[in-house]
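Chemist: In our numbering, the protein residues as written are 42 to 473.
Can you keep this structure in mind? I'll have questions shortly.
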């Protein structure tokens, strides 16, 4: 018998589709902020309250009816916790909220269930909480600089469901022909590991130095980073018997005309770093060519057609099924996607204001897909790029090769000591 409270359902969670990720609960996605000063827990709670007053939709939870998942109103308070350990998001420990805030000493952790929103969704939450916290802490009304604050009201665009409409597609538009692609090279250092512990190998590069390198090669930050990682892999594995590829998550909000939504709105592009005629080109020419390939993915009509199809499939699956647990037994689309050779996620940076120097570090913590690949997060903060290479296995020799590659390109890299962390599984289905 279900022990989960009943919540008043709202719209279908089409873009969330929590069962579409994995047929098991997945680890939370966590953003760790290190502050210069120790945290005032009372002010942090007030900052969360002010943020939720401005963005009440972030208090939502999920309600399941038949096989359909709905966003639902959650009247229970979102309570900040003073603890050194992460909590399970979505269950009774967090009052069934899909976002959570914890703190200890001078560190705050913002956790989320990726079925509820994506990285841009939680970034808006984090920025607002930090803004209100520092305004109260410092007694200063800082310039918002693009941050959503309680001085303004929310817009309907913030809760727009990307899969709720039919997008216009030209009658003569043709989807790109699907071609059979060879399997990508899998790093032999990485074996299936669902144990939970993630190893983080971190690097820091001054923004001006890295962006100078990017511009000199006529490319973009994520392409440049992917190429450097590709070189390191070739250095460590010169006998690689398959193409080395970089999988790049991309936001498609602009292409769908829903820039403000907090909901999941992303896709991915795959860059062939080796195994094509581009291999013979000098570094700079390959960098330009690979950026061109990435741009080819940014075609609005392509995603209009894709989202029209996904909307139909998700809606039919949700409303056509009668039992949620029977649905999750079906093969997950997420598991059928290739995750090799590595992910390169360019997160960018949060909106900066006059208190940003009080945030001494920002880390994005996630578990590599299926525990069976390498995941790289790249974020810019306080004039430095932090590059975090995450894996569930020891990849120290490969990181040595990456550090050498940075230096071979005259990039002034600083390497951090290896860190390890374990993320709590989401608990949104607990009690169902």
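We treat Cβ as the ideally placed atom computed from N, Cα and C, and that holds for glycine.
Model, not experiment: these values are computed from the prediction.
If distances are taken between C-alpha atoms only, which option among 326, 333, 232 and 58 comes closest to residue 108?
Modeler: 58
Chemist: Just the Cα atoms here: how many angstroms apart are residue 464 and residue 448?
Modeler: Roughly 32 Å between the two C-alpha positions.
Chemist: Just to confirm my understanding: we take residue 291, look at its own chain, exclude 5 residues before and 5 after, and list those with CB closer than 7 Å. What are they?
Modeler: 307, 308, 309, 310 and 338
Chemist: Does the beta-carbon distance from residue 210 to residue 349 come in below 9 Å?
Modeler: yes
Chemist: List in chain order: all unbroken beta strand (DSSP E) runs of 3+ residues lying wholly within the stretch 231 to 259.
Modeler: 238 to 247
Chemist: If contact is defined by three or more beta carbon pairs under 8 Å, each pair taking one atom from either stretch, is the stretch 221 to 239 in contact with the stretch 405 to 416?
Modeler: yes
Chemist: Is it the case that the stretch 92 to 105 contacts the stretch 113 to 120, given that we only count it when at least three CB pairs across the two stretches are under 8 Å?
Modeler: yes
Chemist: Using CA coordinates, which residue listed in 324, 472, 368 and 313 is at the minimum distance from residue 286?
Modeler: 313
Chemist: So what does residue 112 bridge to, in DSSP terms?
Modeler: 103
Chemist: In this structure, does DSSP put residue 430 in helix, strand or coil?
Modeler: strand
Chemist: From the DSSP output, in three-state form, read off residue 313 for me.
Modeler: In the structure shown, residue 313 sits in a strand (DSSP, three-state: E or B).
Chemist: Within this structure, are the beta carbons of residue 167 and residue 74 separated by less than 9 Å?
Modeler: yes
Chemist: Less than 9 Å separating the beta-carbons of residue 246 and residue 387?
Modeler: no
Chemist: Which of the three DSSP states is assigned to residue 68 in this structure?
Modeler: strand
Chemist: Less than 9 Å between the beta carbons of residue 159 and residue 304, yes or no?
Modeler: yes
Chemist: Quick check: the stretch 216 to 225 against the stretch 261 to 271, are there 3 or more CB pairs under 8 Å?
Modeler: no
Chemist: Could you tell me the boundaries of the alpha helix (DSSP H) in which residue 31 lies?
Modeler: In this structure the chain extends from 42 to 473, so residue 31 is not present and cannot be described.
Chemist: For the beta strand (DSSP E) that contains residue 416, what are its first and last residues?
Modeler: 415 to 422
Chemist: Classify residue 492: buried if its beta carbon has 16 or more other beta carbons within 10 angstroms, exposed otherwise.
Modeler: Within the shown structure, residues of the chain are numbered from 42 to 473, placing residue 492 beyond reach of any answer.
Chemist: Determine the closest residue to residue 223 out of 259, 282, 66 and 321, with distance taken between C-alpha atoms.
Modeler: 282
Chemist: What is the DSSP secondary structure of residue 32, counted as helix, strand or coil?
Modeler: Given a span of 42 to 473 for the chain in the structure shown, any question on residue 32 remains unanswerable.
Chemist: Please name the residue, chosen from 329, 150 and 94, that lies closest to residue 130 on a Cα-to-Cα basis.
Modeler: Looking at the Cα atoms, 150 is the closest of the given residues.
Chemist: Go to residue 438, then tell me how far its alpha helix (DSSP H) extends in each direction, as first and last residue.
Modeler: 437 to 449
Chemist: When you compare the stretch 198 to 207 with the stretch 344 to 359, are there three or more beta-carbon pairs, one atom per stretch, that lie closer than 8 Å?
Modeler: The stretch 198 to 207, when compared against the stretch 344 to 359, does touch it at the 8 Å Cβ threshold.
Chemist: Would you kindly check if the distance between the Cβ of residue 259 and the Cβ of residue 332 is under 9 Å?
Modeler: yes
Chemist: Pick from 256, 98 and 382: whose alpha carbon is nearest that of residue 52?
Modeler: 98
Chemist: In terms of residue numbering, what span does the beta strand (DSSP E) encompassing residue 303 cover?
Modeler: No beta strand (DSSP E) contains residue 303, which DSSP labels as neither H nor E.
Chemist: For residue 244, which residues from the same chain have a beta carbon less than 6 Å from its beta carbon, with the 5 sequence-adjacent residues on both sides left out?
Modeler: 428, 454 and 456
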